[in-house]
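Student:
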Amino acid sequence: MSRFAVLLFGALVLAGCGDEAMPPAPAPENGVAATPVADAVDPGVGADPVDPAPVDGPGIALDGEGLRLVDATSGRATPLAFGTPRATIERALSSRGPGEAGSNAECGAGPLDYLEWSDGLTLWFQEGAFAGWRARTSEAGTHSTMNGIMPGMTRAALTESGSVVTFSEDTLGAEFAAGDIFGFLDGTGDDARVREIYAGVSCNFR
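1 is the number of the first residue of the sequence shown in UniProt numbering; add one for each residue after it.
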């Protein structure tokens, strides 16, 4: 047998082996071709792994009548109104971890107890009931109303938030009111920043 014939025969044998090694394509189910498992689960070299959703509590939205707990999946908002017993509030916010507890007997509204977290949120309690909140800018995060009013925003953005906003100045500096939401700014120009917002009973000294 010539050398050319040997090479041709070997090529045919390899081709035949390759055909036998290739499994038939899976039959379509309900008219839809099945996706190979490897293609469905392999993210590819260098791809980031897919982590499961974090186990965490609901988000918090500030409100002129209290707080709202917002479910990240459904978007459903559950109100926590002023007047709610403190124990109920603490259970509802237990996923945040314990806040720093204290009291202030010299507030204008009378003695107030409080819980304060490192992300700038403070809750005020009077006679065992939720009475007010305060939110400040913080390196650990910030909080917002449902329509986007939050510490750190500019006066121009506040004006464009969709709320009816009025501005004033007194001994505490530049202030604003948007319905039942109040706050302080660090100036009076359009680029001035909101440094604090609050609702309900507060402990501001004028």
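Ideal Cβ placement from N, Cα and C applies to all residues, glycine included.
Answer with buried or exposed for A40, where buried requires no fewer than 16 other C-beta atoms within 10 angstroms of its C-beta.
Tutor: For the purposes of this step, residue 40 is taken as the residue at position 40 of the sequence shown. At A40, the pLDDT of 35 sits below 50, so the modelled position is not reliable; the number obtained from the coordinates is stated separately. Classification for A40: exposed.
Student: Are G120 and A135 closer than 8 Å when you measure CB to CB?
Tutor: Counted from its first residue, the sequence shown places residue 120 at position 120. Counted from its first residue, the sequence shown places residue 135 at position 135. Closer than 8 Å, so yes.
Student: Taking the alpha-carbon of A72 as reference, which of G83, P58, G66 has the nearest alpha-carbon?
Tutor: Translated into positions along the sequence shown, residue 72 becomes position 72. Minimum Cα distance to A72 is reached at P58.
Student: Which residue from C107, A178, R195, R76 puts its Cα closest to that of D186?
Tutor: As a position in the sequence shown, residue 186 is number 186, starting the count at 1. Checking every option, the nearest Cα to that of D186 belongs to R195.
Student: For the candidate residues A109, R86, T88, G66, whose alpha-carbon lies nearest to that of N204?
Tutor: For this step, residue 204 is matched to residue 204 along the sequence shown. Comparing Cα positions, the closest option is A109.
Student: For V164, count neighbouring Cβ atoms within 10 angstroms of its own Cβ and tell me buried if that reaches 16, exposed if not.
Tutor: In the sequence shown, the residue the question calls residue 164 occupies position 164. Exposed, since its Cβ has fewer than 16 Cβ neighbours within 10 Å.
Student: If D63 and T137 are in contact, beta carbons under 8 Å, what's the gap, nearest whole angstrom?
Tutor: Taking the first residue of the sequence shown as position 1, residue 63 is located at position 63. Taking the first residue of the sequence shown as position 1, residue 137 is located at position 137. Going by Cβ atoms, the distance from D63 to T137 rounds to 19 Å, so no, they are not a contact pair.
Student: With DSSP as the reference, label S95 as helix, strand or coil.
Tutor: Counted from its first residue, the sequence shown places residue 95 at position 95. Helix.
Student: What's the C-alpha gap between G183 and S168?
Tutor: To locate residue 183, count along the sequence shown from 1; it is residue 183. To locate residue 168, count along the sequence shown from 1; it is residue 168. In a straight line, the C-alpha of G183 is about 10 Å away from that of S168.
Student: Since S202 contacts G132 with CB under 8 Å, what's their CB separation in whole angstroms?
Tutor: Indexing the sequence shown from 1 puts residue 202 at position 202. Indexing the sequence shown from 1 puts residue 132 at position 132. Contact holds; Cβ gap of about 5 Å.
Student: Take the Cβ of residue 210 as the centre, count every other Cβ of all protein chains shown within 10 Å, and call the residue buried at 16 or more, exposed below.
Tutor: The requested residue 210 does not occur in the structure, where the chain is confined to residues 1 to 206.
Student: Select from L93, G179, T142 the residue whose C-alpha is nearest the C-alpha of T159.
Tutor: Along the sequence shown, one-based indexing puts residue 159 at 159. Of the listed residues, the one whose Cα sits closest to T159 is G179.
Student: Helix, strand or coil for N204 per DSSP?
Tutor: In the sequence shown, the residue the question calls residue 204 occupies position 204. Here N204 sits in coil by DSSP.
Student: Consult DSSP for L158 and reduce its assignment to one of helix, strand or coil.
Tutor: Here residue 158 refers to the residue found at position 158 when the sequence shown is read from its first residue. In this structure, L158 counts as helix in the three-state DSSP scheme.
Student: So what's T88 in DSSP terms, helix, strand or just coil?
Tutor: Here residue 88 refers to the residue found at position 88 of the sequence shown. DSSP places T88 in helix when its eight states are reduced to three.
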